[in-house]
Amino acid sequence: MTNSAPTKPAKAENALELSDLSVAYRVAGRNRAVLRNLNLNIRQGEAYGLVGESGCGKSTVALTVVRYLPRNGSITGGAISLDGQDVMKLDGEALRRARAESVSMVYQDPGKALNPSIRIGRQLTEIFELGGITGQAASDRAIAMLNRVRISDPPSVMQRYPHQLSGGMQQRVAIAMALANDPSMLILDEPTTGLDATVEAEVLDLIAQLRQELSASILFISHNLAVVSNMCDRVGVLYAGMLVEEGPTDVVFNDPRHPYTVALLRCLPRGGQRKDQGRLDTIPGFLPGIGMDIKGCAFADRCALADDRCRTELPPLYDLSDERGKRLSRCHYHDKAQALPRATPSDVAAAPKPAAAPVLRVAGLNKTYASHGHPLRAVKDVSLDLSPGETLGLVGESGSGKTTFARLLLGLVPPDAGGTIELEGKALAPKLENRGDDQVKAMQIVFQNPDSALNRSHSIRHILGRALKRLAGLSGKALEARLDDLVRSVRLTDRHLAVKPRQLSGGLKQRVAIARAFAGDPRIVVCDEPTSALDVSVQAAILNLLADLQSKEDVSYIFISHDLGVVRYLSDKIAVLYLGRIMELGPSEEVFSGPHHPYTEALLSAVPKLDQTETARIRLDGEIPSATNPPTGCVFHTRCPRKIGPICEQQEPPLAEAQPGHSIRCHIPYPELARLQKAAVTEPA
Amino acid sequence: MSAVQTPSPAQDDTRRRSPLAEVLFSLMRSRTFLVGLFIVLFWVACALFGEHFAPYDPLADDIINALAPPSREHWFGTDQIGRDVFSRVIVGSRDILTVAPLATLLATVAGTALGLLTGYFRGIVDDVVSRILEAFMAIPVVIVALLAIVALGTSKATVIVVIGLSFAPIIARTVRSAVLAERELDYVAAAQLRHESAFHTMFVEILPNVIPPILVETTVRLGYAIFAVATLSFMGFGIQPPSPDWGLSISSNYGMIGGGFWWTVLFDALAIASLVIGVNLAADGVHGALND
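Quick look at the structure:
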């Protein structure tokens, strides 16, 4: 157990101390425990990361610290001390002052944290006015704050409304507001989760820089292990409202001592792992529901190492401190944790694919929308081939045209006249209504958000049965038999058929969506960010499922994701999109290992990595330009770190074949790119 | 690798109720709804079994006791030909409680169909149909009623059709906006990717998901429909004498308020008011339960 040291020094040693904190939510007339005897200390000036799957209580910790729980939530035990001050004992006014002066929060969605109808300047000065600074002095302070978060031209930003700023800018403003009163404790709750990788990198850089300048301690909450590993000194792993492991970030992530941490780390596709090199590991089972009675170790049900002792005796937090720092693990067998057997065997039957005629051939595809009378070219001149059983990964920032391209292929949106889409040698009509039934069933989609994709009024049986009826043309006994197979192939069971989507977890819903897409034996399945809403352990299971289905059914995927690790795991071929254009197209390994297009280079550099060997980071300035008014010449020249001169502004480079099957749209010749990028990697070493 | 994982449905210890059960549960805890329901059920009971517990025959005149004030024999007094007002108020709920719900039902069915069409097809269909509906909404119910009665003659059916059709555009508007939001969801795209017919997509895929706003709108409309029926019978379109009816009764007696015979009008008016309030309270409860 942690020794809860007595606190009452002038300047408390710890910025935040939670001792034996228990929180419960009242649901249907019963108190359900969410946090269980949580002990956690954050030292002055320290950045502490809190990780865990959704539902484990991370955000509840953040809300509890400022006593901001929802109405049905209550603190059932323990103490919170903020800067030596007992938060539990504060009355209304003192609590308000503590919230205003010593602790600040930044939430996931900056769009919701800012008031949409008040100018940025007003929202910022308001904070200072509360502190008694008014008029010019307040607006000077506000401008200084905006400068501090690296916003260029603060006076003009002060005049704007939140919706006139991009997501990254909004989050900077939110951070500026949080820092306005120089808090001693800054709580960041998934601050970059909704942002593009390039913007996320910027915001994380900013937070890292601010840490140098400020004295604030940080509680950093994230489901993204890589982000936490880059940002935090120490990390705590939360499971079912209990701290299961804690220690210095690099030690915990490189030498985990709790099976849950071990398993969580194994779920991530790492180090360029690919589907033909083995399946990802998964965590079987589910997080215990909130308020469940937990007798032994909370993770025992899902742990292959668990024995009777684990199921009956709650493990204490074993102290495993060594020369690398103080660390704790709540596991009876912490010394064996890394020997946790895999939940999913890694072996795959790698089937060498015979070369075959492309299943899909796209040539000269364009899509122009009209936006306030101006043409908006969402997709411009895209041509590519896809072979049977192959996965094409589509990457690019939001606004690059990935989803529009997918919708053009599916016929949900008609393309401009001129381009052609051929499926197995036969041209597809631009509109879905004009395509044959066979063509429609041959190309299906797994949407990003299963809540939107599955009709919430229908049972799973109805959803899948209808798909089989329409897409496979089955009915009666044959349909029932096939339904059974289909359900089994996505590893659901009969029990799941009777329920409605809302009764299933996110991962199970996505399995239903996948089953629906596979109902008519499709040739191509478009996967539009199918795992972005899921926890890593569930994501791993879905990725494995997609890889298994592909090797069994010889289906081709068009896989859209902003998570490059995930794309790399599943893809054979990558297309990098920017403003609707293909900037780079080639075999997955070549695109990832480089030499690559400067944009690809920047995208890869922006991804936070768990096994970070500090490489030169390339940061893109600003936002993706508007597609109504794209830059002249090479559309990327405005942000390109490797721009060579006026030619980039005047001439659009062709998508030239740099190597057989690998094309790059750049004026810099391929050997030169190779030289530049090699230099960049070795330089800082 | 088949036995690797068989996830179970949401396995938390509280069995989740179905959405319907959840709504019923929260309705039963809503005081507003329960009070409204009680009032409505009271009048429904009067409509169904009124003559069994009304103290007098509502049609029997008794000229000698005409215009008697409220007393022990006649709680609400008697009207100008001596009929018992109390009995007439009780039995008078019958017509209004058949005509108003049927009119609302007609409005809901027609409005839902129109709302689905305009919301689903959008574009030119929406533009044309919506403009026609708006034009229709601009004409007062009473004018429409007058025209219809001239054309079709006075009958309960005419009243039902007139009120039903004048309320349909309002319901159509609510349904349309719900459908517009629903249409953007991916399950509609998924239906298109199965080549489902427009009819299937509208009525099987979308309709079940827009039931809650329809339900709220219907209960609110029912309150207005009761009021409209009472107004029309007050004006003489609709239920014909000597059937006891609140609106009709007010219209034939209101001239006598000046003579001090207030009881011939007041109790009918209170009956209308209480029914409208009851329905509105219930509607409020439904709205609350569905928008939690």
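Quick note, the sequences are listed as chains A and B, same order.
Here the first sequence is numbered in the numbering used here, starting from 1 and rising by one per residue.
Here the second sequence is numbered in the numbering used here, starting from 686 and rising by one per residue.
Glycine included, each C-beta is placed from N, C-alpha and C at the ideal position.
Every value quoted in this text rests on a predicted model; they were computed, and no experiment measured them.
Less than 6 Å between C-beta atoms, sequence neighbours within five positions excluded: which residues of the same chain meet that for glutamate 422 of chain A?
Arg361
Unbroken alpha helix (DSSP H) runs of length 4 or more, entirely within the stretch 293-357 of chain A: which are they?
308-312
Does threonine 417 of chain A get closer than 7 Å to chain B when you measure Cβ to Cβ?
The sequence given here has alanine at residue 417 of chain A, not threonine. Taking Cβ atoms only, chain B never reaches closer than 7 Å to alanine 417 of chain A, which makes this a no.
Checking 7 Å against the spacing of the C-beta atoms, do proline 358 of chain A and aspartate 381 of chain A come in under that value?
no
Leaving out five residues before and five after proline 288 of chain A in sequence, what residues of the same chain have Cβ atoms less than 8 Å from its Cβ?
Ala240, Ile294, Ala298, Asp301
Counting only beta-carbon atoms, is valine 440 of chain A nearer than 7 Å to chain B?
yes
Here's the rule: buried if 16 or more other CB atoms are within 10 angstroms of the residue's CB, otherwise exposed. What is valine 835 of chain B?
exposed
Examine chain A for any beta-carbon lying closer than 7 Å to the beta-carbon of aspartate 871 of chain B, and answer yes or no.
yes
Does the distance from the C-beta atom of valine 228 of chain A to that of valine 237 of chain A stay below 7 Å?
no
Between the stretch 767-779 of chain B and the stretch 875-884 of chain B, do at least 3 Cβ pairs fall closer than 8 Å?
no
Using CA coordinates, which residue listed in A:Arg150, A:Gly121, A:Arg148 is at the minimum distance from glutamine 136 of chain A?
A:Gly121
Confirm, please, whether the CB-CB distance from glycine 49 of chain A to cysteine 267 of chain A is below 7 Å.
no
Curious, which full-length beta strand (DSSP E) runs of at least 3 residues does the stretch 69-101 of chain A contain?
73-82
Is the stretch 153-170 of chain A in contact with the stretch 193-211 of chain A, if contact means three or more CB pairs nearer than 8 Å?
yes
Identified DSSP bridge partners for tyrosine 369 of chain A:
A:Leu376
If we require 4 or more residues per run, which alpha helix (DSSP H) segments fall completely within the stretch 796-849 of chain B?
808-823, 826-837
Measuring straight from C-alpha to C-alpha, what distance separates alanine 541 of chain A and alanine 142 of chain A?
47 Å
Applying the 10 Å Cβ sphere with the 16-neighbour rule, what's the burial state of serine 687 of chain B?
Because serine 687 of chain B sits at a pLDDT of 36, beneath the cut-off of 50, its placement in the model cannot be relied upon, and the following sentence gives the value as read from the coordinates. Serine 687 of chain B should be labelled exposed.
Measuring only from the beta carbon, is isoleucine 618 of chain A closer than 6 Å to any heavy atom that is part of the ligand MG?
Only the bare structure without any ligand can be found here, which leaves the ligand MG out of the picture.
Where does isoleucine 824 of chain B land, buried or exposed, given buried means 16+ other C-beta within 10 angstroms?
exposed
By the criterion of Cβ-Cβ separation under 8 Å, what are the contact partners of serine 452 of chain A in chain B?
Leu870, Asp871, Tyr872
Distance check for tyrosine 569 of chain A and alanine 343 of chain A, CA to CA, integer angstroms please.
19 Å
Chain A contacts from the stretch 889-904 of chain B (Cβ-Cβ distance under 7 Å):
Glu890, Pro893, Asn894
How about histidine 880 of chain B: is its C-beta nearer than 7 Å to some C-beta of chain A?
yes
Assuming the contact rule is C-beta atoms closer than 8 Å, threonine 789 of chain B and arginine 868 of chain B should be a hit. Round their C-beta distance to whole Å, please.
Incorrect: roughly 26 Å between the Cβ atoms, too far for contact.
Output, in chain order, the set of chain B residues within a Cβ distance shorter than 9 Å of alanine 467 of chain A.
Ala875, Arg879
How far does the alpha helix (DSSP H) with lysine 500 of chain A in it reach, from first residue to last?
Counting along the chain, lysine 500 of chain A falls outside any alpha helix (DSSP H), and DSSP gives it neither H nor E.
Chain A within 7 Å of arginine 700 of chain B, Cβ atoms only:
Only weak support exists for where arginine 700 of chain B lies, its pLDDT of 46 falling under 50; the value from the coordinates is given anyway. No, its Cβ sits nowhere closer than 7 Å to a Cβ of chain A.
Using only the alpha-carbon positions, how far apart do alanine 180 of chain A and threonine 193 of chain A sit?
23 Å
Can you grab the Cα-Cα spacing for the pair arginine 694 of chain A / valine 490 of chain A, in whole Å?
Nothing can be reported for residue 694 of chain A, as the shown portion of chain A is limited to 1 through 685.
Applying a beta-carbon distance threshold of less than 7 Å, which residues of chain B neighbour leucine 360 of chain A?
What leucine 360 of chain A touches in chain B: nothing, since even the nearest Cβ is about 16 Å away.
Counterpart residues of glutamate 422 of chain A in DSSP-defined beta bridges:
A:Arg361, A:Ala427
For the alpha helix (DSSP H) containing phenylalanine 718 of chain B, name the first residue and the last one.
716-738
What residue range does the alpha helix (DSSP H) around proline 154 of chain A cover?
154-158
What distance in whole Å lies between the Cβ atoms of arginine 642 of chain A and isoleucine 668 of chain A, which are believed to be in contact at a cut-off of 8 Å?
6 Å
If the cut is a Cβ gap below 8 Å, which residues of chain B does leucine 412 of chain A touch?
Ala874, Gln877, Leu878
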